[in-house]
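Single-structure report; data block below.
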Amino acid sequence: MKKRDFKKEDNIILFPGLERRLMDKGLELLHARKFRQAAEFLEQAVAMEHDNAEARIGLVVAYYEAGRVKEAKKLAAGMLRDGVGDYIQVMDLYIMILVQLGEYEEIITTIEALLEGKHVPTDKFEHFSKMLQFSRKMAEGKAVPVENDVPGHLELERLQLFECRDPDEQMMVAARLANENIRPHLPEIKKYLASESGHPFLKSMLLNILKEQEYEGELQVEKFGRTVSFIPARLPDVHEMMMSDVFKLLEDKFENDDPVFLENIKGMAERNFFLLYPFDPEPNNPLAWAGAYDYLGKSYYGHEWTLEQYIEENGGDEEGIREAVEAIRKIEEISYPII
1 MKKRDFKKED NIILFPGLER RLMDKGLELL HARKFRQAAE FLEQAVAMEH
51 DNAEARIGLV VAYYEAGRVK EAKKLAAGML RDGVGDYIQV MDLYIMILVQ
101 LGEYEEIITT IEALLEGKHV PTDKFEHFSK MLQFSRKMAE GKAVPVENDV
151 PGHLELERLQ LFECRDPDEQ MMVAARLANE NIRPHLPEIK KYLASESGHP
201 FLKSMLLNIL KEQEYEGELQ VEKFGRTVSF IPARLPDVHE MMMSDVFKLL
251 EDKFENDDPV FLENIKGMAE RNFFLLYPFD PEPNNPLAWA GAYDYLGKSY
301 YGHEWTLEQY IEENGGDEEG IREAVEAIRK IEEISYPII
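Heads up: the sequence shown runs through residues 1 to 339, numbered per full-length UniProt numbering.
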(Lines of atoms letter the chains of each structure in order from A and count residues from 1; the text may use other names and numbers.)
(Lines give C-alpha, C1' and ligand atoms only; values in the text may rest on other atoms or scores of the structure.)
Protein backbone atom coordinates (compact mmCIF):
# COMPACT_ATOMS: atom_id res chain seq x y z
CA MET A 1 0.00 0.00 0.00
CA LYS A 2 1.35 3.41 -0.96
CA LYS A 3 1.61 6.15 1.60
CA ARG A 4 -1.20 8.12 0.00
CA ASP A 5 -3.57 5.18 0.40
CA PHE A 6 -4.06 5.75 4.11
CA LYS A 7 -4.01 8.58 6.60
CA LYS A 8 -2.74 8.63 10.14
CA GLU A 9 -4.41 10.48 13.00
CA ASP A 10 -3.19 10.33 16.62
CA ASN A 11 -1.12 7.22 15.84
CA ILE A 12 -4.20 5.41 14.42
CA ILE A 13 -4.08 4.34 10.78
CA LEU A 14 -7.37 5.10 9.01
CA PHE A 15 -7.70 2.93 5.94
CA PRO A 16 -9.45 4.34 2.87
CA GLY A 17 -13.16 3.64 2.73
CA LEU A 18 -13.32 2.61 6.39
CA GLU A 19 -16.11 5.10 7.11
CA ARG A 20 -18.19 3.61 4.31
CA ARG A 21 -17.59 0.04 5.46
CA LEU A 22 -18.57 0.92 9.02
CA MET A 23 -21.74 2.61 7.80
CA ASP A 24 -22.67 -0.26 5.47
CA LYS A 25 -22.19 -2.78 8.28
CA GLY A 26 -24.23 -0.63 10.65
CA LEU A 27 -27.07 -0.29 8.16
CA GLU A 28 -26.97 -4.02 7.49
CA LEU A 29 -27.35 -4.73 11.22
CA LEU A 30 -30.10 -2.11 11.42
CA HIS A 31 -32.02 -3.87 8.66
CA ALA A 32 -31.55 -7.14 10.55
CA ARG A 33 -33.05 -5.40 13.62
CA LYS A 34 -29.85 -5.81 15.64
CA PHE A 35 -30.16 -2.27 16.89
CA ARG A 36 -27.53 -2.18 19.64
CA GLN A 37 -24.85 -3.62 17.35
CA ALA A 38 -25.94 -1.31 14.54
CA ALA A 39 -25.54 1.69 16.83
CA GLU A 40 -21.95 0.70 17.67
CA PHE A 41 -20.88 0.63 14.00
CA LEU A 42 -22.83 3.75 13.07
CA GLU A 43 -21.37 5.68 16.03
CA GLN A 44 -17.90 4.94 14.67
CA ALA A 45 -18.93 5.95 11.14
CA VAL A 46 -20.40 9.26 12.39
CA ALA A 47 -17.33 9.96 14.53
CA MET A 48 -15.13 9.62 11.43
CA GLU A 49 -17.45 11.52 9.07
CA HIS A 50 -19.70 13.81 11.11
CA ASP A 51 -21.63 15.23 8.15
CA ASN A 52 -22.58 11.84 6.67
CA ALA A 53 -26.37 12.19 6.59
CA GLU A 54 -27.04 8.52 5.83
CA ALA A 55 -24.98 7.32 8.79
CA ARG A 56 -26.51 9.87 11.16
CA ILE A 57 -30.08 9.04 10.15
CA GLY A 58 -29.26 5.35 10.56
CA LEU A 59 -27.89 6.07 14.03
CA VAL A 60 -31.03 8.02 14.99
CA VAL A 61 -33.17 5.03 13.99
CA ALA A 62 -30.84 2.58 15.79
CA TYR A 63 -31.01 4.62 19.00
CA TYR A 64 -34.79 4.91 18.73
CA GLU A 65 -35.36 1.20 18.15
CA ALA A 66 -32.90 0.24 20.90
CA GLY A 67 -34.91 2.27 23.40
CA ARG A 68 -32.35 5.09 23.58
CA VAL A 69 -35.03 7.59 22.61
CA LYS A 70 -33.55 10.66 24.30
CA GLU A 71 -30.25 10.09 22.50
CA ALA A 72 -32.17 9.73 19.24
CA LYS A 73 -33.89 13.05 19.94
CA LYS A 74 -30.59 14.83 20.66
CA LEU A 75 -28.99 13.48 17.48
CA ALA A 76 -31.98 14.36 15.28
CA ALA A 77 -32.12 17.87 16.77
CA GLY A 78 -28.43 18.24 15.98
CA MET A 79 -29.02 17.24 12.37
CA LEU A 80 -31.74 19.89 12.05
CA ARG A 81 -29.47 22.50 13.63
CA ASP A 82 -26.49 21.59 11.43
CA GLY A 83 -28.54 21.26 8.24
CA VAL A 84 -27.42 17.67 7.66
CA GLY A 85 -29.62 15.48 5.45
CA ASP A 86 -33.00 16.18 3.90
CA TYR A 87 -34.57 18.73 6.25
CA ILE A 88 -38.16 17.53 5.91
CA GLN A 89 -37.19 13.86 6.27
CA VAL A 90 -35.19 14.59 9.42
CA MET A 91 -38.01 16.79 10.75
CA ASP A 92 -40.47 13.92 10.28
CA LEU A 93 -38.15 11.62 12.20
CA TYR A 94 -37.64 14.19 14.96
CA ILE A 95 -41.38 14.69 15.43
CA MET A 96 -42.00 10.94 15.67
CA ILE A 97 -39.38 10.77 18.41
CA LEU A 98 -41.11 13.60 20.26
CA VAL A 99 -44.40 11.68 20.00
CA GLN A 100 -42.73 8.65 21.56
CA LEU A 101 -41.52 10.86 24.41
CA GLY A 102 -44.95 12.45 24.77
CA GLU A 103 -43.48 15.94 24.28
CA TYR A 104 -46.50 17.41 22.52
CA GLU A 105 -45.79 21.02 23.47
CA GLU A 106 -42.40 20.73 21.77
CA ILE A 107 -44.09 19.25 18.69
CA ILE A 108 -46.51 22.18 18.56
CA THR A 109 -43.69 24.74 18.81
CA THR A 110 -41.61 22.92 16.19
CA ILE A 111 -44.38 22.50 13.61
CA GLU A 112 -45.70 26.04 14.10
CA ALA A 113 -42.22 27.40 13.40
CA LEU A 114 -41.90 25.11 10.40
CA LEU A 115 -45.20 26.22 8.88
CA GLU A 116 -44.53 29.90 9.59
CA GLY A 117 -41.16 29.62 7.88
CA LYS A 118 -42.92 28.55 4.68
CA HIS A 119 -40.30 25.87 4.02
CA VAL A 120 -42.80 23.03 3.78
CA PRO A 121 -43.30 21.43 0.34
CA THR A 122 -46.88 21.61 -0.91
CA ASP A 123 -47.35 17.84 -0.72
CA LYS A 124 -46.28 17.83 2.96
CA PHE A 125 -48.32 20.80 4.20
CA GLU A 126 -51.45 18.76 5.01
CA HIS A 127 -49.34 16.10 6.72
CA PHE A 128 -47.71 18.56 9.13
CA SER A 129 -51.00 20.40 9.67
CA LYS A 130 -52.67 17.14 10.77
CA MET A 131 -49.77 16.35 13.08
CA LEU A 132 -50.08 19.82 14.60
CA GLN A 133 -53.82 19.34 15.14
CA PHE A 134 -53.22 15.92 16.72
CA SER A 135 -50.53 17.30 19.05
CA ARG A 136 -52.70 20.20 20.18
CA LYS A 137 -55.47 17.76 21.04
CA MET A 138 -53.05 15.54 22.95
CA ALA A 139 -51.53 18.50 24.80
CA GLU A 140 -54.96 19.73 25.87
CA GLY A 141 -56.33 16.41 27.12
CA LYS A 142 -53.61 13.80 27.36
CA ALA A 143 -54.99 10.47 28.54
CA VAL A 144 -53.90 9.42 32.04
CA PRO A 145 -52.22 5.97 32.13
CA VAL A 146 -53.95 3.55 34.48
CA GLU A 147 -52.91 0.24 35.93
CA ASN A 148 -55.87 -1.94 35.07
CA ASP A 149 -59.38 -0.78 34.32
CA VAL A 150 -60.63 2.77 34.01
CA PRO A 151 -62.44 3.96 37.15
CA GLY A 152 -66.12 4.53 36.55
CA HIS A 153 -65.95 8.25 37.27
CA LEU A 154 -63.32 8.84 34.58
CA GLU A 155 -64.35 9.13 30.96
CA LEU A 156 -61.63 7.70 28.72
CA GLU A 157 -60.77 9.67 25.61
CA ARG A 158 -61.57 7.65 22.48
CA LEU A 159 -58.72 6.83 20.14
CA GLN A 160 -60.96 7.43 17.11
CA LEU A 161 -59.26 4.58 15.27
CA PHE A 162 -61.85 4.39 12.52
CA GLU A 163 -61.40 8.10 11.77
CA CYS A 164 -57.60 7.70 11.65
CA ARG A 165 -56.92 7.01 7.96
CA ASP A 166 -53.67 8.88 7.34
CA PRO A 167 -50.64 6.54 7.81
CA ASP A 168 -48.67 9.19 9.68
CA GLU A 169 -51.56 9.78 12.08
CA GLN A 170 -51.67 6.03 12.64
CA MET A 171 -47.97 6.07 13.53
CA MET A 172 -48.61 8.83 16.05
CA VAL A 173 -51.51 6.96 17.67
CA ALA A 174 -49.36 3.83 17.93
CA ALA A 175 -46.43 5.79 19.39
CA ARG A 176 -48.76 7.29 21.99
CA LEU A 177 -50.18 3.88 22.98
CA ALA A 178 -46.71 2.38 23.32
CA ASN A 179 -46.26 4.67 26.34
CA GLU A 180 -49.62 3.85 27.93
CA ASN A 181 -51.42 0.88 29.38
CA ILE A 182 -53.37 -0.16 26.30
CA ARG A 183 -55.97 -2.23 28.19
CA PRO A 184 -58.44 0.60 28.89
CA HIS A 185 -58.77 1.03 25.12
CA LEU A 186 -59.49 -2.66 24.46
CA PRO A 187 -63.20 -2.33 23.56
CA GLU A 188 -62.38 0.12 20.76
CA ILE A 189 -59.28 -1.82 19.67
CA LYS A 190 -61.19 -5.12 19.51
CA LYS A 191 -63.80 -3.59 17.21
CA TYR A 192 -61.09 -2.13 15.01
CA LEU A 193 -59.07 -5.36 14.71
CA ALA A 194 -62.18 -7.35 13.74
CA SER A 195 -63.44 -4.77 11.25
CA GLU A 196 -62.96 -5.05 7.50
CA SER A 197 -62.47 -1.28 7.32
CA GLY A 198 -59.50 -1.19 9.71
CA HIS A 199 -56.11 -0.44 8.13
CA PRO A 200 -53.72 -3.46 8.11
CA PHE A 201 -50.76 -1.29 9.12
CA LEU A 202 -52.45 0.11 12.23
CA LYS A 203 -53.75 -3.36 13.11
CA SER A 204 -50.18 -4.70 13.03
CA MET A 205 -48.98 -1.83 15.21
CA LEU A 206 -51.77 -2.42 17.74
CA LEU A 207 -51.06 -6.15 17.87
CA ASN A 208 -47.36 -5.50 18.47
CA ILE A 209 -48.16 -3.18 21.37
CA LEU A 210 -50.56 -5.75 22.85
CA LYS A 211 -47.85 -8.39 22.45
CA GLU A 212 -45.26 -6.18 24.18
CA GLN A 213 -47.72 -5.53 27.01
CA GLU A 214 -48.32 -9.30 27.29
CA TYR A 215 -52.06 -9.22 26.73
CA GLU A 216 -53.36 -12.79 27.12
CA GLY A 217 -56.90 -12.32 25.85
CA GLU A 218 -58.12 -13.75 22.55
CA LEU A 219 -58.77 -11.23 19.79
CA GLN A 220 -60.39 -11.63 16.39
CA VAL A 221 -58.35 -10.10 13.57
CA GLU A 222 -59.50 -9.45 9.99
CA LYS A 223 -57.02 -8.79 7.19
CA PHE A 224 -57.24 -9.22 3.43
CA GLY A 225 -60.51 -11.14 3.65
CA ARG A 226 -59.24 -13.57 6.30
CA THR A 227 -60.45 -13.66 9.92
CA VAL A 228 -58.64 -15.59 12.67
CA SER A 229 -58.45 -15.33 16.46
CA PHE A 230 -55.06 -14.71 18.11
CA ILE A 231 -53.65 -14.25 21.61
CA PRO A 232 -51.20 -11.31 21.28
CA ALA A 233 -48.85 -12.42 24.08
CA ARG A 234 -48.28 -15.72 22.28
CA LEU A 235 -47.65 -14.28 18.83
CA PRO A 236 -44.18 -14.73 17.32
CA ASP A 237 -42.19 -11.72 16.19
CA VAL A 238 -42.75 -10.93 12.51
CA HIS A 239 -39.08 -11.80 11.88
CA GLU A 240 -39.61 -15.25 13.39
CA MET A 241 -42.23 -16.12 10.79
CA MET A 242 -41.78 -17.03 7.13
CA MET A 243 -40.00 -13.76 6.37
CA SER A 244 -36.68 -15.03 7.75
CA ASP A 245 -36.83 -18.06 5.42
CA VAL A 246 -37.62 -15.84 2.42
CA PHE A 247 -34.75 -13.50 3.34
CA LYS A 248 -32.33 -16.44 3.56
CA LEU A 249 -33.30 -17.64 0.08
CA LEU A 250 -32.91 -14.15 -1.39
CA GLU A 251 -29.59 -13.59 0.38
CA ASP A 252 -28.20 -16.88 -0.92
CA LYS A 253 -29.06 -15.80 -4.45
CA PHE A 254 -28.17 -12.09 -4.49
CA GLU A 255 -25.93 -11.18 -1.55
CA ASN A 256 -22.70 -11.45 -3.53
CA ASP A 257 -23.92 -10.69 -7.06
CA ASP A 258 -26.36 -7.81 -6.52
CA PRO A 259 -26.49 -6.52 -2.91
CA VAL A 260 -28.32 -3.30 -3.88
CA PHE A 261 -31.13 -5.23 -5.56
CA LEU A 262 -31.23 -7.54 -2.54
CA GLU A 263 -31.73 -4.66 -0.09
CA ASN A 264 -34.52 -3.20 -2.22
CA ILE A 265 -36.54 -6.40 -2.45
CA LYS A 266 -35.92 -7.19 1.22
CA GLY A 267 -37.31 -3.77 2.08
CA MET A 268 -40.43 -4.48 0.04
CA ALA A 269 -40.79 -7.93 1.64
CA GLU A 270 -40.40 -6.50 5.14
CA ARG A 271 -43.22 -4.00 4.53
CA ASN A 272 -45.45 -6.69 3.03
CA PHE A 273 -44.97 -9.21 5.82
CA PHE A 274 -45.58 -6.51 8.44
CA LEU A 275 -48.91 -5.68 6.82
CA LEU A 276 -49.82 -9.39 6.71
CA TYR A 277 -48.82 -9.97 10.35
CA PRO A 278 -49.87 -12.05 12.25
CA PHE A 279 -51.29 -14.14 9.38
CA ASP A 280 -49.13 -16.72 7.65
CA PRO A 281 -48.61 -15.78 4.00
CA GLU A 282 -50.50 -17.77 1.41
CA PRO A 283 -49.17 -19.82 -0.26
CA ASN A 284 -47.24 -21.09 2.75
CA ASN A 285 -44.13 -21.66 0.65
CA PRO A 286 -40.95 -19.56 1.17
CA LEU A 287 -39.56 -20.61 -2.23
CA ALA A 288 -42.66 -19.27 -3.98
CA TRP A 289 -42.43 -15.92 -2.17
CA ALA A 290 -38.70 -15.60 -2.82
CA GLY A 291 -39.35 -16.29 -6.51
CA ALA A 292 -42.17 -13.74 -6.55
CA TYR A 293 -39.93 -11.01 -5.08
CA ASP A 294 -37.19 -11.88 -7.56
CA TYR A 295 -39.62 -11.66 -10.48
CA LEU A 296 -41.38 -8.48 -9.34
CA GLY A 297 -38.17 -6.76 -8.27
CA LYS A 298 -36.56 -7.26 -11.66
CA SER A 299 -39.79 -6.22 -13.38
CA TYR A 300 -39.77 -2.96 -11.39
CA TYR A 301 -36.17 -2.46 -12.51
CA GLY A 302 -37.30 -2.56 -16.13
CA HIS A 303 -36.88 -6.24 -17.00
CA GLU A 304 -39.70 -6.91 -19.44
CA TRP A 305 -40.76 -10.53 -19.15
CA THR A 306 -43.77 -12.62 -18.36
CA LEU A 307 -44.02 -14.87 -15.35
CA GLU A 308 -43.86 -17.84 -17.73
CA GLN A 309 -40.54 -16.56 -19.09
CA TYR A 310 -39.22 -16.07 -15.56
CA ILE A 311 -40.17 -19.66 -14.63
CA GLU A 312 -38.57 -21.00 -17.80
CA GLU A 313 -35.33 -19.19 -16.99
CA ASN A 314 -35.22 -19.69 -13.21
CA GLY A 315 -37.44 -22.67 -12.48
CA GLY A 316 -39.84 -22.93 -9.56
CA ASP A 317 -43.47 -23.67 -8.79
CA GLU A 318 -45.35 -21.52 -11.31
CA GLU A 319 -48.71 -21.76 -9.52
CA GLY A 320 -47.17 -20.90 -6.13
CA ILE A 321 -45.13 -17.99 -7.49
CA ARG A 322 -48.14 -16.64 -9.38
CA GLU A 323 -50.25 -16.75 -6.20
CA ALA A 324 -47.51 -14.97 -4.24
CA VAL A 325 -47.12 -12.32 -6.98
CA GLU A 326 -50.86 -11.59 -6.86
CA ALA A 327 -50.75 -11.34 -3.06
CA ILE A 328 -47.78 -8.95 -3.14
CA ARG A 329 -49.43 -6.71 -5.73
CA LYS A 330 -52.55 -6.54 -3.57
CA ILE A 331 -50.54 -5.62 -0.49
CA GLU A 332 -48.47 -3.02 -2.39
CA GLU A 333 -51.66 -1.10 -3.21
CA ILE A 334 -51.97 -0.18 0.48
CA SER A 335 -50.43 3.05 1.69
CA TYR A 336 -48.22 3.05 4.78
CA PRO A 337 -45.42 5.16 6.24
CA ILE A 338 -41.76 4.05 6.15
CA ILE A 339 -41.44 1.08 8.60
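C-beta atoms are modelled at their ideal positions from N, C-alpha and C, and glycine is treated no differently.
Delimiting residues of the beta strand (DSSP E) encompassing residue i
i, result
"residue 110", "Element bounds for residue 110: not the beta strand (DSSP E) but the alpha helix (DSSP H), 104-116."
"residue 222", "219-223"
Residues near residue i in its chain [Cβ-Cβ closer than 6 Å; skip 5 each side]
i, result
"residue 194", "220 and 222"
"residue 311", "318"
"residue 259", "none"
"residue 204", "274 and 277"
"residue 331", "272 and 275"
"residue 287", "none"
"residue 34", "none"
"residue 154", "With a pLDDT of only 34 at residue 154, under 50, the local geometry of the prediction cannot be trusted, and no value is derived from it."
"residue 320", "283, 285 and 288"
"residue 41", "22, 25 and 26"
"residue 229", "218 and 220"
"residue 37", "29"
Own chain residues within Cβ distance below 7 Å of residue i, not counting five before or after
i, result
"residue 255", "262"
"residue 172", "99, 131 and 134"
"residue 322", "307"
"residue 54", "23"
"residue 124", "88"
"residue 136", "108"
Any non-hydrogen atom of the ligand GDP within 7 Å of residue i CB
i, result
"residue 223", "The ligand GDP is not part of this structure, which contains no ligands at all."
Identity of the residue in the options nearest residue i by Cα
i, options, result
"residue 274", "315, 237 and 312", "237"
"residue 218", "226, 209, 233 and 272", "233"
"residue 19", "235, 31, 34 and 46", "46"
"residue 182", "169, 165, 196 and 208", "208"
"residue 166", "140, 17, 175 and 127", "127"
"residue 175", "33, 65 and 32", "65"
"residue 31", "116, 283 and 247", "247"
"residue 333", "17, 321 and 200", "200"
"residue 121", "87, 22 and 105", "87"
"residue 184", "210, 170, 169 and 202", "210"
"residue 21", "305, 230 and 48", "48"
"residue 202", "189, 212 and 213", "189"
"residue 226", "67, 327 and 179", "327"
"residue 187", "214, 170 and 159", "159"
"residue 138", "117, 215, 231 and 169", "169"
"residue 71", "214, 43 and 316", "43"
"residue 59", "244, 28 and 83", "28"
"residue 253", "180, 239, 305 and 314", "314"
Beta-carbon proximity list for residue i, same chain, < 8 Å, skipping 5 on both sides
i, result
"residue 57", "79, 85, 89, 90 and 93"
"residue 250", "262, 265, 266, 269, 290, 293 and 294"
"residue 69", "63, 97, 100 and 101"
"residue 197", "162"
"residue 280", "241 and 242"
"residue 325", "292, 295, 296 and 307"
"residue 212", "178"
"residue 77", "94"
Element boundaries [alpha helix (DSSP H), containing residue i]
i, result
"residue 122", "122-140"
"residue 33", "Here residue 33 belongs to no alpha helix (DSSP H), and DSSP marks it neither H nor E."
"residue 349", "The question about residue 349 has no answer here: the residues shown for the chain are numbered 1 through 339."
"residue 60", "53-65"
"residue 280", "Premise fails: residue 280 is in no alpha helix (DSSP H) and is neither H nor E."
"residue 93", "87-101"
"residue 286", "286-300"
"residue 182", "Taken as a continuous stretch (DSSP letters only), residue 182 belongs to no alpha helix (DSSP H), as it is neither H nor E."
"residue 236", "Where residue 236 is concerned, there is no enclosing alpha helix (DSSP H), given that its DSSP letter is neither H nor E."
"residue 201", "200-212"
"residue 307", "307-314"
"residue 83", "Element bounds for residue 83: n/a, residue is neither H nor E."
"residue 326", "318-332"
Bridge partners - residue i, DSSP secondary structure assignment
i, result
"residue 230", "219"
Chain D contact for residue i (CB, 8 Å cutoff)
i, result
"residue 30", "Absence of chain D from the displayed structure is noted, only one protein chain being present."
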